[in-house]
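Let me begin by presenting the structure, written as structure tokens, before commenting on it.
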Amino acid sequence: MCGIVAYVGDRTAYPILIKGLQRLEYRGYDSAGVALINDGLHVYKCKGKVKDLEEHAKGKSITGNIGMGHTRWATHGIPSDTNSHPHISMNGKFVVVHNGIIENYAHLKKGLISRGYTFQSETDTEVLANLIESIYVEQKVSAEIAVRSALTKVIGAYGLVISCSDEKDKLIAARKGSPLVIGVGENEYFLASDATPIVEYTDKVVYMDDEEVAVITKDSFTLTNIQNDTKEANIQNVTLSIDEIDKGHYEHFMLKEIYEQPLSIEDTFRGRVTMDHSKIFLGGLTEALPQLLSTKRIIIIACGTSWHAGMVGEYLFEEYARIPVEVEYASEFRYRNPVIQEGDVIIAISQSGETADTLAAIKMAKERGATIVGICNVAGSSIPRETHAGVYTHAGPEIGVASTKAFTSQVTVLSMMAFLLGKMKGSLAPDNYIHLIKELGKIPDKIKKVLESDEYIKKIAETYKDASNALYLGRGNLFPVALEGALKLKEISYIHAEGYPAAEMKHGPIALIDENMPVFVIATKDKSYDKIVSNIQEVKARNGKVIAIVTEGDQTIKKMADHVIEVPDCHEAVAPLLTVIPLQFISYHIAVMRGCNVDQPRNLAKSVTVE
Ligand code: G6P
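Take the sequence shown: its letter number 460 is residue 465 in our numbering, and every next letter is one higher.
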């Protein structure tokens with residue numbers, strides 16, 4: 006977890022670092038810090054957010070054209086001023102910011118203590134700073150060699166930026182398992198955990214690979230591996246614009262991202278569906294198409310919201326492509342001894358492309374011979390680089406910790422894949438294939454209609470903002486939407502919520518229902534409609550409050566539910582894309598009314614790069 010930003014060039018580093026940290030706060034926000042390198046070294050760091058850091062640095066010297074910054078999500082040591090990064094080595098020779106975990110830090114620390122080193126913090130990063138310094142001092146080598154040597158002793162994951170007080174013109178960066186991007190400007194360079202702090206200054210970036218070390222001054226940079234073999238820097242153009250990473254007129258990123266969904270889904274289609282909506286083309290899948298068409302089984306692996314998208318995918322692949330699917334939590338999959346058979350295809354879904362468990366599960370499945378297909382949002386991130394083939398979701402940067410537009414883009418990609426495979430395998434008749442593409446193509450406009458209900462949904466949210474529990478029910482491909490609705494409420498408003506397949510309610514949750522229990526039921530017109538109407542009656546018979554998401558014009562449910570939220574009529578295959586929107590709004594408004602920090606909920610982070 007954690008966000009890193011660094012700068013070397015002619016500009017004053019401090020404002021670049023602060024702005025960069027604000028953009029990276031989604032990666033962690035329990036403490037923040039900067040190191041500014043000029044004649045001397047100034048480190049300012051504190052518990053809290055980047056705005057607390059700015060307060061803390063007010064009135065202090067913030068000059069210097071070289072610097073590094075860090076926003077933290079605690080792993081070793083509680084969030085505190087002392088545990089915040091940057092960390093300085095005992096004799097002040099090295100300053101380090103780190104994203105990742107040094108797994109053998111306790112062993113390394115013991116060795117350093119026996120050689121007289123003392124520690125201020127409880128962090129693994131300070132151990133690394135002292136390890137580098139000890140090698141530098143004892144072996145009288147350059148800073149770069151000391152860093153390389155220290156990294157050969159380290160087990161774990163890292164994205165690192167390091168500076169040495171004897172070589173002040175230089176930043177040393179290294180990556181293994183945690184992302185690091187180099188921004189290449191004119192006589193200036195940037196480093197960051199993703200491209201968002203960089204795009205304002207340059208569109209040229211290099212995504213560092215695992216076990217690479219970069220040495221950067223204001224007018225040069227070299228890229229090598231840990232053994233010091235030269236690596237070729239692949240300079241790419243990044244297409245992110247500043248507008249995409251600003252809040253605009255919205256109060257929160259989450260709200261902006263909810264409203265962006267018609268566009269983000271259009272962007273997911275773009276260039277992949279013909280103008281007349283008669284064909285789907287997914288270029289990134291070419292390498293894996295033979296395996297996808299012949300496989301006897303697909304295993305979808307993901308975490309969090311991406312796992313919910315995977316469950317929608319299960320329904321789609323089974324229904325339209327007639328391929329059996331298993332959906333696995335990446336963390337469970339990787340620690341079992343899963344049976345991976347020849348010809349198995351793994352689809353890994355991840356917004357960030359950096360989730361540690363998903364990445365590790367991919368590596369394991371790859372070693373066992375599976376074909377890996379990625380569905381990711383962040384171009385150049387770690388997961389797409391590990392896969393044989395893949396489809397980017399193109400949803401644009403998602404900053405709010407609670408995922409919204411990434412989910413609908415993931416479901417859009419999964420729908421396109423399922424329809425395409427169904428057509429190619431002959432399990433989906435050509436007419437139905439075209440019909441489904443057209444139905445998918447209508448979704449952005451239909452979402453626009455749902456967005457018009459924002460104020461109405463806000464009023465419903467007002468009624469339930471003080472609830473202590475909530476239940477979400479759905480059937481078929483709307484069951485994962487129920488899970489996603491419950492997750493959204495939990496993560497941003499801290500109300501306990503559970504999602505259930507509606508029929509399972511009778512096997513336990515029904516005991517919880519009383520007049521204080523809001524029950525959100527996704528009840529659009531599909532083949533389970535009559536069944537879900539019965540489920541609503543069961544809730545009402547126990548005095549539960551029913552908020553139903555229904556198809557426009559539904560009179561039956563209107564008569565029995567406490568509130569209905571209408572969505573336009575659509576084919577049941579694409580209903581998850583519409584029905585999730587009101588649930589996103591409900592959670593958003595309840596969280597705002599409860600005074601919660603919507604974009605940065607407590608204890609969570611956008612990108613979980615620790616196991
Ligand atoms: C975190 C985020 C979730 C996200 C999950 C998986 O828990 O808060 O929003 O769904 O990680 O992340 P990924 O980037 O792999 O989709």
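For glycine and all other residues, C-beta sits at the position ideal for the given N, C-alpha and C.
On a predicted model such as this, the values are computed, not experimentally measured, just so you know.
| Check | Outcome |
| --- | --- |
| Which residue comes first and which comes last in the alpha helix (DSSP H) that contains alanine 179? | Where alanine 179 is concerned, there is no enclosing alpha helix (DSSP H), although the beta strand (DSSP E) it sits in stretches over 176 to 181. |
| Looking at isoleucine 137 and valine 101, is the spacing between their C-beta atoms short of 9 Å? | yes |
| Among the residues of its own chain, which have a CB less than 6 Å from the CB of phenylalanine 124, if the five just before and after it don't count? | Glu131 |
| Please specify which runs of the alpha helix (DSSP H), each continuous and at least 4 residues long, are wholly inside the segment 69 to 132, giving them in chain order. | 110 to 119 |
| Would you check if the distance between the CB atom of lysine 493 and the CB atom of threonine 409 is smaller than 9 Å? | yes |
| Lysine 236 and glutamate 249 look like a contact to me (Cβ under 8 Å); what is the Cβ gap, rounded to whole Å? | Actually they do not touch by this definition, with Cβ atoms about 30 Å apart. |
| Tell whether a beta-carbon distance below 9 Å holds between alanine 326 and alanine 423. | yes |
| Which complete alpha helix (DSSP H) runs does the segment 450 to 488 hold, if anything under 4 residues is left out? | 459 to 469 |
| In whole angstroms, what separates the C-alpha of proline 184 from that of tryptophan 78? | 15 Å |
| Around the C-beta of phenylalanine 286, are 16 or more other C-beta atoms found within 10 angstroms, so that it is buried, or is it exposed? | exposed |
| What residues in its chain sit with their C-beta under 6 Å from that of glutamate 372, if we drop five residues either side in the sequence? | none |
| Shorter than 8 Å, the distance from the beta carbon of glutamine 266 to the closest heavy atom of the ligand G6P, or not? | no |
| Quick one: using the 10 Å Cβ neighbour count with 16 as the cut-off for buried, is isoleucine 1 buried or exposed? | The requested residue 1 does not occur in the structure, where the chain is confined to residues 6 to 616. |
| By the 10 Å Cβ neighbour count, where 16 or more other Cβ atoms means buried, how is glutamate 571 classified, buried or exposed? | buried |
| Taking the C-alpha atoms as reference points, what is the distance between serine 299 and leucine 441? | 23 Å |
| State the CB to CB distance for the pair histidine 4 and histidine 90, rounded to an integer number of angstroms; the pair is presumed to be in contact (CB under 8 Å). | With the chain covering only 6 through 616, there is no way to say anything about residue 4. |
| For aspartate 214, which of Lys430, Tyr31, Ala179 has the nearest alpha-carbon? | Ala179 |
| Can alanine 610 be considered in contact with the ligand G6P, in the sense that its beta carbon sits closer than 8 Å to one or more heavy atoms? | yes |
| So, using beta-carbon positions, are valine 526 and alanine 553 closer together than 9 Å? | yes |
| Is it true that the CB of valine 538 sits closer than 9 Å to the CB of isoleucine 562? | yes |
| Does the distance between the C-beta of glycine 395 and the nearest non-hydrogen atom of the ligand G6P fall short of 8 Å? | no |
| For valine 344, count neighbouring Cβ atoms within 10 angstroms of its own Cβ and tell me buried if that reaches 16, exposed if not. | exposed |
| Please identify the residue among Gly38, Ser66, Gln415 whose C-alpha is closest to the C-alpha of methionine 73. | Gly38 |
| Would you list the one or two residues that DSSP bridges to glutamine 241? | Val210 |
| Using the C-alpha atoms, what's the distance from isoleucine 452 back to asparagine 230? | 48 Å |
| Counting C-beta neighbours from all protein chains within 10 Å, is the total for alanine 434 16 or more, i.e. buried, or is it exposed? | exposed |
| Could you tell me the alpha carbon to alpha carbon distance between histidine 576 and aspartate 436, rounded to whole angstroms? | 14 Å |
| In angstroms with no decimal places, state the Cα-to-Cα distance between threonine 128 and alanine 148. | 22 Å |
| Taking 8 Å as the cut-off, is the CB of glutamine 560 close to at least one heavy atom of the ligand G6P? | no |
| Quick one: measure Cβ to Cβ for asparagine 242 and glycine 14, integer angstroms, because I've assumed they're closer than 8 Å. | About 20 Å; that fails the 8 Å criterion. |
| So what's serine 168 in DSSP terms, helix, strand or just coil? | strand |
| Quick one: Cα of aspartate 272 to Cα of phenylalanine 412, how far? | 14 Å |
| Report whether the distance from the Cβ of glycine 309 to the nearest heavy atom of the ligand G6P is below 8 Å. | yes |
| For the alpha helix (DSSP H) containing glutamate 230, name the first residue and the last one. | For clarity, residue 230 is asparagine in the given sequence; the question names glutamate instead. Run containing asparagine 230: none in the alpha helix (DSSP H); it sits in the beta strand (DSSP E), 225 to 230. |
| Kindly indicate the opening and closing residues of the alpha helix (DSSP H) around isoleucine 439. | 435 to 446 |
| Would you check whether the ligand G6P has a heavy atom nearer than 8 Å to the C-beta of alanine 546? | no |
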